[in-house]
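Chains A and B are the protein sequences, given in the same order. If you use the numbering used here, the first sequence corresponds to residues 1 to 316, in order. If you use the numbering used here, the second sequence corresponds to residues 1 to 316, in order.
Number of protein chains: 2
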Amino acid sequence: MTARQKTLLLAVPINWASLWTTPIAQAAPHLKLAVHGRDAYDPGEIDYVVSFRPPPGLLKGFPKLQAVFSLGAGVDGFMADPDFPKHVPLVRFVHRSLSREMAQYIVLHVLTFHRQQRYFETAQAERKWRQTIPPRKTEDTRVGVLGLGEIGTMAAERLRDLDFPMLGWSRTRKDVKGVRSFAGLGELETFLSQSDILVCVLPLTSDTRHILNAKTFKMLPAGTYVINVARGGHLKEDDLIAAIDSGHLAGAALDVFETEPLPETSPLWAHPKISITPHIAALSDPQAMAQVAIDGIERLESGRPLVNVVDLARGY
Amino acid sequence: MTARQKTLLLAVPINWASLWTTPIAQAAPHLKLAVHGRDAYDPGEIDYVVSFRPPPGLLKGFPKLQAVFSLGAGVDGFMADPDFPKHVPLVRFVHRSLSREMAQYIVLHVLTFHRQQRYFETAQAERKWRQTIPPRKTEDTRVGVLGLGEIGTMAAERLRDLDFPMLGWSRTRKDVKGVRSFAGLGELETFLSQSDILVCVLPLTSDTRHILNAKTFKMLPAGTYVINVARGGHLKEDDLIAAIDSGHLAGAALDVFETEPLPETSPLWAHPKISITPHIAALSDPQAMAQVAIDGIERLESGRPLVNVVDLARGY
Chain A
1 MTARQKTLLL AVPINWASLW TTPIAQAAPH LKLAVHGRDA YDPGEIDYVV
51 SFRPPPGLLK GFPKLQAVFS LGAGVDGFMA DPDFPKHVPL VRFVHRSLSR
101 EMAQYIVLHV LTFHRQQRYF ETAQAERKWR QTIPPRKTED TRVGVLGLGE
151 IGTMAAERLR DLDFPMLGWS RTRKDVKGVR SFAGLGELET FLSQSDILVC
201 VLPLTSDTRH ILNAKTFKML PAGTYVINVA RGGHLKEDDL IAAIDSGHLA
251 GAALDVFETE PLPETSPLWA HPKISITPHI AALSDPQAMA QVAIDGIERL
301 ESGRPLVNVV DLARGY
Chain B
1 MTARQKTLLL AVPINWASLW TTPIAQAAPH LKLAVHGRDA YDPGEIDYVV
51 SFRPPPGLLK GFPKLQAVFS LGAGVDGFMA DPDFPKHVPL VRFVHRSLSR
101 EMAQYIVLHV LTFHRQQRYF ETAQAERKWR QTIPPRKTED TRVGVLGLGE
151 IGTMAAERLR DLDFPMLGWS RTRKDVKGVR SFAGLGELET FLSQSDILVC
201 VLPLTSDTRH ILNAKTFKML PAGTYVINVA RGGHLKEDDL IAAIDSGHLA
251 GAALDVFETE PLPETSPLWA HPKISITPHI AALSDPQAMA QVAIDGIERL
301 ESGRPLVNVV DLARGY
């Protein structure tokens, strides 16, 4: 008698599915692979799920489910399902490739602002040679990172190595070389009051929803630039526009939005001081994702503990 | 009898002089400071000169001249003076602040290209949510740095830490962790053939003038992006435009030009695949410059050897 073949269900938008099916099939030819919405499958045979924002209620219908693997670092898409089966381990996607893509995005947008790249682009369009001294030295430009997990830490280290004075804020105190650590709500205002550029890479939980709002913006120094690469739910978009239009904030770079795709009618699109990208800071690398899921499955099958399992009470 | 007060001459464009006079006066109140073109001074009393592109022939008229300090890392502006007094040590400006500003510029423009930032800016202008997978993974995007001195090394290290595979080319072989070293003209083609993004930070000498030309562009892989932050004299601008327009090169970011300011009639300004900045990659920090010059003067006055003295035969 041979062991039953295990089945992995991929539950993603159908037009993206082909990105993952090949690397998963290559990395784990012993698994049966089904694509939700494309393949017929028996809910009773599903052992593992790989997904990002599964249809609410889907996961509770799999009695043999042993583990769920998130395609992204954030798992708010799973937390939003009131029927998420809380006895099943949910594994966050933690991989150097993801942290590095996020760090690249953050470094790019910090430098674009800090080095006045838009000013020079306008000068080029007008064929004008406009040399100018940077308004603030690198040594005087403090970058505050909200969230010092894998992603925030890597971004902070890369900016630190370009000589920006770095601050980080997180739930618990962290020890990252060259990054001043602030912890908990009690230290949020002190942290914000010293952030000339503010980067949000927090997980989205009930504690962090709308953490970027009119009140916290007032705690920032005048002229702060805001970068949100976490979730749209962290930011009150109307408050951001008001804080920029009042002259208090210098501008923003946003990769995530309350509603995605960002509606064509959003005032964010045409704001001259807001840079918009369509949630591309880090599209999870399919090979890396397959590797993480297969590693987790091998751990389960050999009786070793899973890593990067979400603490459902904490929300990340 | 007291020692004669030493005189430092600042020879820079008059409208920039005030940037340096204050920090120099603060760092070395015991020196007499004269500004060429503004103050009357006796050529026989000049002990030290701080300059960038001195008027040809100026320096040979100072019989007591003990050292010349360059305001920039490159000293081609001094080498261009046929009457440069070759017995006087010429000190390059080597300082972390300069290397880091250059590294920031290079990282910014590598990431702008690599992460398709222009594509997303166009999408924003059209209010379009255009998610797209990067055409080439970071791990597959090789960045070649021409010149592995202080600046090239720091830029290569920062890009290496963002996971780009790095190559460097220099006159002599270098040992920089994570950077494959190529040396001399014999290895130039091998180096170029593996550079998906090419960064030039070479000193401008008779050996490196016009090193970026139609012939070397042909050695690059199709689709290479070129970044020149060294000197305009490294690049044949017409060859660059032809190589981009033929489709062989993907585009370029240029901070330096054959003629500066770049003439309003230059075809570079309006080229859709060329990003122009007005020689601002690293404006030497006046405080740092004063510190370097004062340190050199103290070395001379206490009989210690100068550091970063230019090898006039080598040209840097």
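Glycine included, each C-beta is placed from N, C-alpha and C at the ideal position.
- Note on Pro82 of chain B: under 16 other CB atoms within 10 angstroms of its CB, so exposed under the neighbour-count rule.
- For Ala73 of chain A, no CB of chain B lies under 8 Å from its own CB, so it is not counted at the interface with that chain.
- Ranked by Cα distance from Thr22 of chain A, the first of A:Asp311, A:Arg231, A:Gln287, A:Ala282 is A:Gln287.
- Shown here, Asn15 of chain B sits in a helix according to DSSP, grouped into three states.
- Inter-segment contact for the region 292–305 of chain B and the region 140–157 of chain A is absent: fewer than three beta-carbon pairs are separated by less than 8 Å.
- Those residues of the region 100–127 of chain B placed with their C-beta closer than 8 Å to a C-beta in chain A are Arg100, Glu101, Ala103, Gln104, Tyr105, Val107, Leu108, Leu111, Thr112, His114, Arg115, Gln117, Phe120, Glu121, Ala123, Gln124, Arg127, ordered along the chain.
- Judged by DSSP secondary structure, Arg96 of chain B falls within the alpha helix (DSSP H) whose first and last residues are 96–114.
- Interface with chain A (8 Å Cβ-Cβ cutoff): Glu264 of chain B is included.
- The beta carbon of Pro85 of chain B sits closer than 7 Å to those of Leu59, Lys60, Leu65, all from its chain and outside the five residues before and after it, given in chain order.
- Closer than 7 Å at the C-beta level to chain A, one finds these residues of the region 238–269 of chain B: Pro261, Leu262, Glu264, Trp269.
- Using a CB distance cut-off of 8 Å, His95 of chain B does not count as an interface residue toward chain A.
- For Thr224 of chain A, the secondary structure class from DSSP, reduced to helix, strand or coil, is strand.
- The region 206–225 of chain B and the region 68–75 of chain B do not touch, with fewer than 3 CB-CB distances between them shorter than 8 Å.
- Interface flag for Ile276 of chain A against chain B is set, since a Cβ pair is found closer than 8 Å.
- In this structure, Arg314 of chain A and Trp269 of chain B do not form a Cβ contact; the two beta carbons are roughly 53 Å apart against a cut-off of 8 Å.
- Under the criterion of beta carbons closer than 8 Å, Val110 of chain B and Gly147 of chain B do not qualify as touching, at roughly 15 Å.
- DSSP places Arg180 of chain B inside the beta strand (DSSP E), whose first and last residues are 179–183.
- According to the DSSP assignment, Ala40 of chain A belongs to no beta strand (DSSP E), since it is labelled neither H nor E.
- Using a Cβ-Cβ cut-off of 8 Å, Thr138 of chain A counts as an interface residue toward chain B, since at least one Cβ of chain B sits closer than that to its own.
- Interface annotation, Leu162 of chain A: in contact with chain B, CB-CB separation under 8 Å.
- By the rule that beta-carbons nearer than 8 Å mark a contact, Leu59 of chain A does not touch chain B.
- The shortest CA-to-CA distance from Arg231 of chain B to any of B:Asp39, B:Pro261, B:Phe62 is the one to B:Pro261.
- Under the 10 Å beta carbon count, Pro278 of chain A is surrounded by 16 or more other beta carbons and is classified as buried.
- Between the region 165–183 of chain B and the region 115–125 of chain B, the count of C-beta pairs closer than 8 Å stays below three; the two stretches do not touch.
- Per DSSP, the continuous beta strand (DSSP E) segment holding Phe69 of chain B begins and ends at 67–70.
- Contacts between Gln131 of chain A and chain B, judged by CB atoms closer than 7 Å, involve Pro278, His279, Ile280 in chain order.
- Under the 8 Å criterion on CB atoms, Arg158 of chain A is classed as interfacial with respect to chain B.
- Only Leu283, Asp285 from the region 282–294 of chain A bring a Cβ to less than 8 Å from some Cβ of chain B.
- Check the Cα spacing between Lys32 of chain A and each of A:Pro272, A:Gln5, A:Ser18, A:Leu198: the tightest is with A:Gln5.
- In this structure, Tyr316 of chain B lies near Val75 of chain B, with their beta-carbon atoms less than 8 Å apart.
- Here Thr265 of chain B is exposed, its C-beta having fewer than 16 other C-beta atoms within 10 Å.
- Its chain contains Leu10, Val12, Val50, Leu71, Pro286, Met289, Ala290 as the residues whose beta carbon lies nearer than 8 Å to that of Trp20 of chain A, once the 5 sequence neighbours on both sides are disregarded; these appear in chain order.
- Within the same chain, Cβ atoms closer than 7 Å to the Cβ of Val256 of chain A are found at Asn228, Val229, Ala230, Arg231, Gly232, His279, the five residues on either side in sequence being excluded.
- The continuous alpha helix (DSSP H) containing Asp239 of chain B extends over residues 237–245.
- Burial of Ile24 of chain B is indicated by the presence of at least 16 other C-beta atoms within 10 angstroms of its C-beta.
- Following the DSSP letters along the chain, one finds Tyr48 of chain B inside the beta strand (DSSP E) bounded by residues 46–51.
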